[in-house]
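**Student:**
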Amino acid sequence: MLKALLSVIDEGIHVVDRNGVTVLYNQQAGQNDGLSPEEVIGRHLLEVFPSLTPATSTLLKVLATGKPIPAHEQTFANYKGQRVTTINSTLPIFHEGELVGAIEVSKDVTRVRELSERVAGLQAALLRPRSRRGAPVGGARYTFDDLVGDHPAMQRLKEQALRAAATDSPVLVYGETGTGKELLVHAIHAASPRRHRPLVAQNCAALPEGLLESLLFGTARGSFTGAEDRPGLFELADGGTLYLDEINSMQPELQAKLLRVLQDGRIRRLGEATERQVDVRIIASTNEEPAAALASGRLRSDLYYRIAVVALEMPPLRRRASDIPLLTDHFLDKHSARLGLPRRPLHPEVEAFFQRHTWPGNVRELEHAIEAALQLATGPEIRLSDLPAPLQRAAAEAERRGGEEAGGAGAAAADPGLPARELRRQLAVLEREAVRQALEEAGWNLSRAARILGLPRQTLQYRIKVLGLSRPREEG
Numbered sequence: 001m002l003k004a005l006l007s008v009i010d011e012g013i014h015v016v017d018r019n020g021v022t023v024l025y026n027q028q029a030g031q032n033d034g035l036s037p038e039e040v041i042g043r044h045l046l047e048v049f050p051s052l053t054p055a056t057s058t059l060l061k062v063l064a065t066g067k068p069i070p071a072h073e074q075t076f077a078n079y080k081g082q083r084v085t086t087i088n089s090t091l092p093i094f095h096e097g098e099l100v101g102a103i104e105v106s107k108d109v110t111r112v113r114e115l116s117e118r119v120a121g122l123q124a125a126l127l128r129p130r131s132r133r134g135a136p137v138g139g140a141r142y143t144f145d146d147l148v149g150d151h152p153a154m155q156r157l158k159e160q161a162l163r164a165a166a167t168d169s170p171v172l173v174y175g176e177t178g179t180g181k182e183l184l185v186h187a188i189h190a191a192s193p194r195r196h197r198p199l200v201a202q203n204c205a206a207l208p209e210g211l212l213e214s215l216l217f218g219t220a221r222g223s224f225t226g227a228e229d230r231p232g233l234f235e236l237a238d239g240g241t242l243y244l245d246e247i248n249s250m251q252p253e254l255q256a257k258l259l260r261v262l263q264d265g266r267i268r269r270l271g272e273a274t275e276r277q278v279d280v281r282i283i284a285s286t287n288e289e290p291a292a293a294l295a296s297g298r299l300r301s302d303l304y305y306r307i308a309v310v311a312l313e314m315p316p317l318r319r320r321a322s323d324i325p326l327l328t329d330h331f332l333d334k335h336s337a338r339l340g341l342p343r344r345p346l347h348p349e350v351e352a353f354f355q356r357h358t359w360p361g362n363v364r365e366l367e368h369a370i371e372a373a374l375q376l377a378t379g380p381e382i383r384l385s386d387l388p389a390p391l392q393r394a395a396a397e398a399e400r401r402g403g404e405e406a407g408g409a410g411a412a413a414a415d416p417g418l419p420a421r422e423l424r425r426q427l428a429v430l431e432r433e434a435v436r437q438a439l440e441e442a443g444w445n446l447s448r449a450a451r452i453l454g455l456p457r458q459t460l461q462y463r464i465k466v467l468g469l470s471r472p473r474e475e476g
């Protein structure tokens, strides 16, 4: 029954004993390799596949180490002369703690690979004509003016990034998902001497290793079935900037090839002997601390020291909470105009929640929340009930915790019997009065009033709008 089952599944199954002799080999594995099960079962791996060695065979590696090799892409010419691409996972087999064999499960992804190559070809074809017309190929969509924030960490980041933009050195941008790394990369390119040349971006986690390599370096006709002469992203970015997002997702072998390009500025298309000179600035990013990526082996140390000539951290939103009002104002303006909807301010309860929330999705989460709330709100203000459901649940949980802590330090400044909601209302009244007094003292000069309050001018402008304050009309 087991053999009947294995004969109908669409994954190849290859099992060897501790000596490397095949004990099970199903029809799909035979189809992948261009062999029949009868030609393989009972024979040693190296006898059936003489091109393999103990160092290149994943099954023999697993027998030697006892460690699994998951999701490994392999492209090869089978016994029928067909070029095949498979994704293989190879696992050790233990019995009572003793290694007794290994199993390899393979999925034929040849058709998927061919379709992906066609998509890559279309991408290259779309970019090339624009380049000939002299238009910015994948040009920068953002500048440093789009980096919203007055927090000292953001001010320091802008200063460092501006200095880096003036050079040709590689840059590594790191930070949590949603912090705005791509926006910073665009701003650096837009301020650089390469601003009129292409900015080409590629997410390294979005493609399998083999396809990413051909997309980066290009292909020569005949290098595999259906391959055509096609430039890679390095050639398309020539004279400009190549942005490699999530470089810590790139396989170590491909990282080594990237390192060679950084060292000598030369690339070789897949299947081609000729080297080509390219002039490309590399900006890379990771969604984790470089130290963590290095410790885990996701980022090669030699590549890190080459690309991190300038290392810039995008701080998470929770570390610059003072920028939330500015970002909120920015996104309200942006999305109300884009959607053709009234620009609704935030209810004080929402403002208070935004300041308390930890924002695990960072600026992206805040922007999506505001975009959704603008479309759901029906009243004059955006209320908690207008926020996406996950944020409503987070707000309810924060309210519950606040109620439990009502007798603590947070309530000490007011009537201890006040619920959290009433306390926030009173705080809003106090804030309105403090801002009004500072404005009157400064003669409604916003810069002077901001200095009195110890706030950035942009933040004060936002608070004036939210609090509904307006300059008194002069009589006479």
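The sequence shown begins at 1 in UniProt numbering and counts up one residue at a time.
C-beta: ideal position from N, C-alpha, C; glycine also.
Keep in mind that this is a model prediction, so the values were computed, not measured.
What span of residues does the beta strand (DSSP E) with D333 cover, start to end?
**Tutor:** Note, D333: premise wrong, no beta strand (DSSP E); alpha helix (DSSP H) at I324 to L339.
**Student:** Work out the CA separation of L258 and M250 for me, nearest whole Å.
**Tutor:** The alpha-carbon atoms of M250 and L258 are separated by roughly 10 angstroms.
**Student:** Which runs of the beta strand (DSSP E) spanning at least 3 residues fall entirely within the segment 172 to 203, listed in chain order?
**Tutor:** 199 to 203, all fully within the segment 172 to 203.
**Student:** Quick one: residues in its chain with C-beta nearer than 7 angstroms to the C-beta of K61, no 5 flanking neighbours on either side, listed in chain order?
**Tutor:** I69, listed in sequence order.
**Student:** Do the CB positions of residue 477 and L184 come within less than 8 angstroms of each other?
**Tutor:** With the chain covering only 1 through 476, there is no way to say anything about residue 477.
**Student:** My output table needs one value for Y79: the three-state DSSP class, helix, strand or coil.
**Tutor:** Coil at Y79, not helix or strand.
**Student:** Judging by CA-CA distance, which residue of G20, H357 and Q392 is the nearest neighbour of L45?
**Tutor:** Closest by alpha carbon: G20.
**Student:** Considering just the uninterrupted stretch of the beta strand (DSSP E) at I41, what are its terminal residues?
**Tutor:** Note, I41: premise wrong, no beta strand (DSSP E); not H, not E.
**Student:** Tell me the DSSP secondary structure of N19 in three-state form.
**Tutor:** Residue state, collapsed to three classes: coil.
**Student:** For Y79, count neighbouring Cβ atoms within 10 angstroms of its own Cβ and tell me buried if that reaches 16, exposed if not.
**Tutor:** When all chains shown are included, Y79 counts as exposed.
**Student:** Compute the distance between the beta-carbons of G239 and G218, then report whether it is under 8 angstroms.
**Tutor:** Not in contact: G239 and G218 (Cβ atoms no closer than 8 angstroms).
**Student:** Do E104 and T58 have their C-beta atoms closer together than 8 angstroms?
**Tutor:** Contact flag set, yes.
**Student:** Do I307 and A284 count as a contact pair if the criterion is CB distance below 8 angstroms?
**Tutor:** Going by C-beta atoms, A284 is nearer than 8 angstroms to I307.
**Student:** Under three-state DSSP, which class holds Q277?
**Tutor:** In the structure shown, Q277 sits in a strand (DSSP, three-state: E or B).
**Student:** What are the partner residues of F94, as DSSP defines its beta bridges?
**Tutor:** DSSP, once it has assigned bridges, lists L99 as partnering F94.
**Student:** Rank I9, E351 and E289 by C-alpha distance to the C-alpha of Q27 and give the top, closest one.
**Tutor:** Cα-wise, what sits closest to Q27 is I9.
**Student:** Would the beta-carbon of P170 fall within 8 angstroms of that of V309?
**Tutor:** Contact: yes.
**Student:** What residue does the beta strand (DSSP E) around D245 start on, and which one ends it?
**Tutor:** T241 to D245 is the extent of the beta strand (DSSP E) around D245.
**Student:** Which whole-angstrom value is the C-beta distance of V429 and R383, which I expect to be below 8 angstroms?
**Tutor:** The pair is not a contact, with the Cβ atoms about 19 angstroms apart (cut-off 8 angstroms).
**Student:** Using a Cβ-Cβ cutoff of less than 7 angstroms, which residues in the same chain neighbour K158 once the five nearest sequence positions on both sides are dropped?
**Tutor:** Within the same chain, K158 has close Cβ partners F144 and L147.
**Student:** Just the Cα atoms here: how many angstroms apart are L455 and H330?
**Tutor:** Going from the Cα of L455 to the Cα of H330 covers about 18 angstroms.
**Student:** Report the start-end ranges of each alpha helix (DSSP H) in the segment 337 to 364 that is 4 residues or longer and not cut off at the edges.
**Tutor:** Runs found: 348 to 356.
**Student:** DSSP on P390, reduced to helix/strand/coil?
**Tutor:** Correct three-state label for P390: helix.
**Student:** Hey, could you find the ends of the alpha helix (DSSP H) E235 is sitting in?
**Tutor:** Element bounds for E235: L233 to L236.
**Student:** Counting along the chain, where does the beta strand (DSSP E) carrying A311 start and finish?
**Tutor:** Unbroken beta strand (DSSP E) run through A311: V310 to E313.
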